[in-house]
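Sequence lines, in order, name chains A and B.
Under my numbering, the first residue of the first sequence is numbered 1, with each subsequent residue one higher.
Under my numbering, the first residue of the second sequence is numbered 1001, with each subsequent residue one higher.
C-beta atoms are modelled at their ideal positions from N, C-alpha and C, and glycine is treated no differently.
Encoded as structure tokens, the structure appears first; notes follow it.
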Amino acid sequence: MIMRRPRRARALAAAAAYAALAGCGIRPTGIIGAGEPPAAQAQSATITVYLVRDGRLQAVTRPGLPGRPYLAVEQLAVPPTGPERAMGLRTEVHRQLDAYTLVEASDPLGPRSQLAVRPTGAHQTKFWSRTAMAQIACTAQAIPGIERVNLRGTPDQDKNGWEMVTCDQFSDLVG
Amino acid sequence: MTGWPRFTGLRVRLAAAFTAVALLASVLASGISYVLMRRVMLQRAQDAVLTDVRNTLARQVPVEMPPDTEPLVGAALEKALGSAQGRKAVAVPVPLRRGESALPPPGALDAPVTREFARRAVYGGEVVFQRINAHGRPYLLVGARITGYRTTQNEPWRTTPPLVFVSASLGREAADLRLLTRALLIADAAALVVALGLALLATRGVLRPVRRLGTAARALGDGRLEARVHVRGRDELADLARTFNRTAEALERTVTELSAMEAASRRFVADVSHELRTPLTSMIAMTDLLAEEAGPAEGGTAARLVADETRRLGLLVEHLIEISRFDAGAAALVLDDVNVADAVNASLEARRWQDDVEVEGPADLFVRLDPRRFDVIVANLAGNALKHGGPPVSLAFGPPEPEGAGGVRVVVADRGPGLADDVIDVVFDRFVKAEAARSRSEGSGLGLSIARENALLHGGTLTAANGPEGGAVFTLWLPDGEEE
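Below you can see the structure in the form of structure tokens.
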């Protein structure tokens, strides 16, 4: 009985000290909910993508992405969506594409009128089919401000390895 | 007043209690403010991260996604969310097909994402967060999935926006909290010091009257009856001081009255004794003459009895006069260099006791003392032994036990029955008689009192005890008188 009181007091003091020390600093928590998830709000203009049906080009619209003006060209390499496939649409472009504008100060038509399109992965020598070239050219020209496509990997390659194509060259496929 | 009582004293206890209360209050206040500050700080940091995550998701994710653009959206989200300092973000496809996991690749974030956290982030229907300590550093982990998007029925995985996990370092908040802790500790220490100082000041103010009261009480105890306390204020201590003063006044009055009465009665005894002395002297002479004239005849016995009693009365009066001189403080020492052996012998011879007392001691011991008072002491001790103790009576004198102590030590012993235990302590009191039955003894009952008063007047001692072989032993010690 005589021993218990100081021992209890000591235990109490130790507990208080522990609580004081443990209470300091940033303590971990469990998983806490923080309310409703955010709703998607980004709006972007739709893009026009030229797909192929029975050897002819067919324009379809897809939603765009903010901050990606040349997404339409990149989308050519993506397999058509379910509804598109149901309509008999497919794509002849089977390689990932990179698209970017070439700034040509000397061009009288302005710096942004030309879109460079390259297959992803540098030195591939596989050529585009005519249909694929038509898809690329027409899709690119559907982007506002783009009038020509500087395309690498064309069959009649000149020494630069690229060719300038426009949708007009494939007017027989359009419509 | 040594150091020990000061540490358990009232002042220390009061100051300790005061300080403890102040410290408790200060610690409590700082603890509460710490907890509140931390809550606010963390809440703000968490809200900032969560708001950022929500806003970025809402801004970056389109309502309808083009097919297979989940990595693009994810990369944009990672870039937007992970650009802030201390933050890392990773976008993970929502697991829609069997066997897919929503766990981000390990190491992509600063804090590990648990399976349960990922599960709640995907299926919980809300933004989730968790504070985690990873590698000893605190992080906030947020998991969020967006709603309100449109996807296709048969290929939802192609157009479902990704899930994002964000880890945000709470290092700045931790540093701020450490700063706050240090500031609070310093503040508490300062509060402790100030509280201690204030406590000491306050207790000094409270305890000063107590100390004054104590001093006055000690003075009163030492006999300075005029000691009073200065009363100030209207609190309990002032009340106590007033009570003390009243008590001291009453005590002083009573003691003064008592001593006046005692002085009066002593003076009365002295006066009566003086008045009785002269007629008694002539009465002694007369009764002696009458007893002589009557001779051994029939009437002679009565006459002798009267003469004896008258002489005893004279002795009593002499003793009373002697005692009243001591009481009046009128007794003075007349010191002289005395040969102790001569003085003892002269004293015994004058009373014709030289044959009844065995004297033992050096013949050449000289001590400076009052010869008349020494004679009185020796006579009273020897007379007491002869009258009340049994023979043989011995008187031994010599230098005192510790060598060079000076003075003389005289031991008078008899072989009588000795002193009863209850008598030893009071044997020197006035009119104490060892044998109650023998109330009409020859002694005055003042002899030993006078002997002791004389010893004390010399600055010596006179003690009574029983010898190892029975009989009373009276030990006198007289110091060597100071040379004037």
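- For B/Ile1032, the enclosing alpha helix (DSSP H) has its first and last residue at Leu1010 to Gln1060.
- In the displayed model, B/Gly1197 falls within a helix according to three-state DSSP.
- Taking a beta-carbon distance threshold of 7 Å, A/Cys24 counts as an interface residue toward chain B.
- For A/Gln58, the uninterrupted beta strand (DSSP E) run begins and ends at Arg56 to Arg62, by DSSP.
- By the neighbour-count criterion, in which 16 or more other beta carbons inside 10 Å mark a residue as buried, B/Phe1129 falls on the buried side.
- Closer than 7 Å to the CB of B/Ala1174 there is at least one CB belonging to chain A.
- Among the residues of chain B, those whose CB is under 7 Å from the CB of A/Val78 are Pro1067 and Asp1068, following chain order.
- In this structure, B/Ser1026 lies near B/Ala1191, with their beta-carbon atoms less than 7 Å apart.
- A buried status is given to B/Phe1397, since no fewer than 16 other beta-carbon atoms sit within 10 Å of its beta-carbon.
- According to DSSP, B/Arg1087 shares a beta bridge with B/Ala1168.
- In chain order, Pro1156, Trp1157 and Thr1160 place their CB closer than 8 Å to the CB of B/Leu1096, counting only its own chain and leaving out the 5 sequence neighbours on each side.
- Around B/Thr1181, the beta-carbon contacts reaching into chain A at under 9 Å are Cys24 and Gly25.
- Nearest neighbour of B/Ala1465 by Cα position, chosen from B/Asp1421, B/Phe1374 and B/Leu1369, turns out to be B/Asp1421.
- Taking the Cα of A/Ser129 as reference, the smallest distance to any Cα among A/Phe170, A/Ala140 and A/Leu102 is reached at A/Phe170.
- Runs of the beta strand (DSSP E) lying entirely within the stretch 1440–1479 of chain B, each at least 3 residues long, are 1461–1466 and 1472–1478 in chain order.
- B/Arg1266 and B/Ala1260 have their C-alpha atoms spaced approximately 10 Å apart.
- A/His94 sits exposed, since fewer than 16 C-beta atoms from the chains shown fall within 10 Å of its C-beta.
- DSSP places B/Ser1101 in the coil class of the three-state scheme, outside both helix and strand.
- Within chain B, no C-beta atom comes nearer than 9 Å to that of A/Gln58; the closest sits roughly 16 Å away.
- Minimum Cα-Cα distance from B/Pro1371 among the listed residues B/Pro1399, B/Glu1262, B/Gly1481 and B/Pro1066 corresponds to B/Gly1481.
- For B/Pro1138, the nearest beta carbon of chain A is closer than 7 Å to its own beta carbon.
- Residue pairing by DSSP puts A/Glu163 in a beta bridge opposite A/Leu151.
- Closer than 7 Å to the CB of B/Phe1244 there is not a single CB belonging to chain A.
- Out of B/Thr1301, B/Thr1256, B/Ala1303 and B/Leu1313, the CA that lies nearest to the CA of B/Thr1281 is found in B/Leu1313.
- Chain-order list of chain A residues neighbouring B/Ile1132: Pro28 and Thr29, by C-beta distance under 9 Å.
- Taking a cut-off of 8 Å for Cβ pairs, the stretch 1177–1196 of chain B and the stretch 1100–1115 of chain B do not touch, as fewer than three such pairs fall below it.
- Of all alpha-carbon atoms in A/Arg27, A/Ser44 and A/Pro38, the one lying nearest the alpha-carbon of A/Leu71 is that of A/Ser44.
- Using a Cβ distance threshold of 7 Å, A/Ala42 and B/Val1061 count as a contacting pair.
- For A/Leu65, at least one C-beta of chain B is nearer than 7 Å to its own C-beta.
- As DSSP reads the structure, B/Gly1124 sits in no beta bridge.
- In the DSSP secondary-structure assignment, A/Val174 is bridged to A/Leu57.
- A direct Cα-to-Cα measurement between A/Ile146 and A/Leu97 gives close to 16 Å.
- Listed in chain order, the alpha helix (DSSP H) runs fully inside the stretch 1365–1435 of chain B are 1371–1388 and 1421–1424, counting runs of at least 4 residues.
- When C-alpha distances from B/Val1142 are compared across B/Gln1153, B/Glu1100, B/Val1090 and B/Pro1400, the shortest belongs to B/Val1090.
- Note that the C-beta distance between A/Ala40 and B/Gly1082 is not below 7 Å.
- Per DSSP, B/Arg1145 lies in no alpha helix (DSSP H) segment and is marked neither H nor E.
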